[in-house]
Amino acid sequence: MEQRLSSIKAELCQIRQDRTRYVKADEVLKLYLQFQDALVGISPSDRKDNDKLISDIMLLLSLSFITVGFTRHITSQYARALTLRMLFMFLIADPAFTFKELQVLKSSLDRLKDASQGDDGTEAPVIPLIKERYMALVSEIEEWYDKVSTVISQLPETVWPIHNQVIHLRRDILAEVINPEFSKSRLEQYGNKLRKIQFHMAQSEEEPSPIVEYQIKKAFTLVEYFSNGISKADIEAEDPQLYPIFTTLRETLSEIDVFVLTRRWTMRCSDLFERMESLLNMESLLLVNTKCPSKLNQPTGPIRIDPSRKYWYLCTYVARRTWALIFRLLDTTEPVSEALSSIYNQLSTLRRCLVEVQEAGVSNHRELYPYQMKLDSLERLRVDGKFVVNGEIPPGQGLINGLLAQCYDMILELEVEIDEKQGDESENENDYSDGYTDSDAASKITYSADSLRSSYYDRDNDPEHEHTDDDHLADVPDANE
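All residue numbers for the sequence shown refer to UniProt numbering, where the first residue is 1 and numbers rise by one.
Following this line, the structure appears as structure tokens:
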């Protein structure tokens, strides 16, 4: 059993690491079905002995499903559920979050619950063990959400703005502490901002909130503990094994931070596996050494940062920050295969440019030529209405065709706007040098927009298309502290 599972994991890792080609859906599905067969009739003892290996394969499969665009399948949701569970675990240990951040987490929890209501086996049958563990994660997250939400319920809405300021200041303080270019003056500035908030609270007629007072005290404690920054000697003095852990965590955070900036062009979702595996291996070590409880810590009363464990606490912060960035990456992943990601990124960029053009306005048809030419070049990649890559039709066609139709519609609207401004004279003033006239361009756009509009407006029925709510992305919690 162990040899069979190890072989599946090795093949998944090999596919993930091969950068000479795209990850193919057929390859992932083949290994998924092999994993399903391996689990048939597995004994409880074999399952227990190979639990770590099984968990690794499930995570690899989940990230691979996301990579090839199978984002609606419950297997792909497993990685999201695992990440959300880690975030809530840190919130239980140290409740420091804003109301908007909790709303984003609740929205993600609701999507996970919706995914668990039905077996989306459009790409592959759902493996019972994956669903079992997925449901356990969702149930645990829901229970923890109910506990964490009680913290916000104790906070009057009138003090939310102050509470938000203090939470963000705490994060700024910790971010400065782990900054390789640490500045004591910047840390002191954060301390001064805390004092101003404290002063305004004292002058206010409103009764002070114990929760806000607690967060201010904790922020001051952090400034005091790390007033001179951190050093290798100080960390090793607390615990000889700690410095390599801290270094690994900080490097992982830096790598994930780069992924956030470049994910649309360079990241393969399965690249997250090693980072997530490393963080999961450190989970128990971090929580034990920071003496974090399994039940909710109320953000009132005495400060719970053990001076003899302050660098372990700092490691926990770095881990929490990293999980938050992973959450953001997974939560904003579009249901598009890696093979189509380049086309999707180009269309997304083109759409953003057209939105800016609509806002700024255009004076003549010639200003639209670059966008028309780009759309035309992407249109030529389609074969019988499908984008074909290496003879295959990758998942994500509905979303990309929808974007293409949107771009055509936007250019058509801009053409109409120009015609209304210029009247009939515009038809004779702006001709292509090769005889390709503006009216020809408008005719082509109208035809293409009409041919695509049905796929765009009917994509609710496309099993490959997953609804996403981009409005909340700005508030995805980075959980810095």
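Ideal Cβ positions, reconstructed from N, Cα and C, are used throughout, including at glycine. Here the structure is a predicted model, which means the values were calculated and not measured.
{"Asked": "Closest residue to Y371 among V416, R352, E236 (Cα-Cα distance)", "Found": "R352"}
{"Asked": "Beta carbon of I235 nearer than 8 Å to that of Y313", "Found": "no"}
{"Asked": "Inter-stretch contact at 8 Å, needing at least 3 Cβ pairs: the stretch 103-114 / the stretch 164-180", "Found": "no"}
{"Asked": "Close-in-space but distant-in-sequence residues of the same chain around Q165 (CB under 7 Å, 5 per side omitted)", "Found": "I197"}
{"Asked": "Same chain only: Cβ atoms within 8 Å of D458, ignoring 5 sequence neighbours per side", "Found": "Here D458 scores only 42 on pLDDT, less than 50, and its place in the model is too uncertain to base an answer on."}
{"Asked": "Those residues which DSSP pairs with F387 across a bridge", "Found": "R382"}
{"Asked": "Neighbour-count burial assignment, Y436, 16 or more Cβ in a 10 Å radius", "Found": "Note that Y436 has pLDDT 46, beneath the 50 cutoff, so the model's placement of it is unreliable and the number below is only indicative. Per the 10 Å Cβ criterion, exposed."}
{"Asked": "DSSP bridge partner residues for E392 (one or two, in chain order)", "Found": "V389"}
{"Asked": "Where D49 falls, given that 16 or more other Cβ within 10 Å makes a residue buried", "Found": "exposed"}
{"Asked": "DSSP three-state assignment for residue 482, whether helix, strand or coil", "Found": "Nothing about residue 482 can be read from this structure; the chain reaches only from 1 to 481."}
{"Asked": "Reduced DSSP category for G191 - H, G, I as helix; E, B as strand; rest coil", "Found": "helix"}
{"Asked": "Secondary structure of I92, DSSP reduced to three states", "Found": "helix"}
{"Asked": "Q34 to M58 span [Cα, whole Å]", "Found": "12 Å"}
{"Asked": "Buried or exposed by the 16-neighbour rule on C-beta atoms within 10 Å, applied to D460", "Found": "Caution applies to D460, whose pLDDT of 40 falls short of 50 and renders its modelled position unreliable; the model cannot decide the point."}
{"Asked": "At least three beta-carbon pairs within less than 8 Å, the stretch 268-281 to the stretch 347-363", "Found": "no"}
{"Asked": "Simplified DSSP state of residue 486, which is helix, strand or coil", "Found": "Here the chain comprises residues numbered 1 to 481, so residue 486 is not present and cannot be evaluated."}
{"Asked": "Whole beta strand (DSSP E) elements within the stretch 303-352, 3-residue minimum", "Found": "none"}
{"Asked": "Cβ pair count under 8 Å reaching 3, the stretch 254-261 against the stretch 326-339", "Found": "yes"}
{"Asked": "Exposure of A96, with buried meaning 16 or more beta-carbon neighbours within 10 Å", "Found": "buried"}
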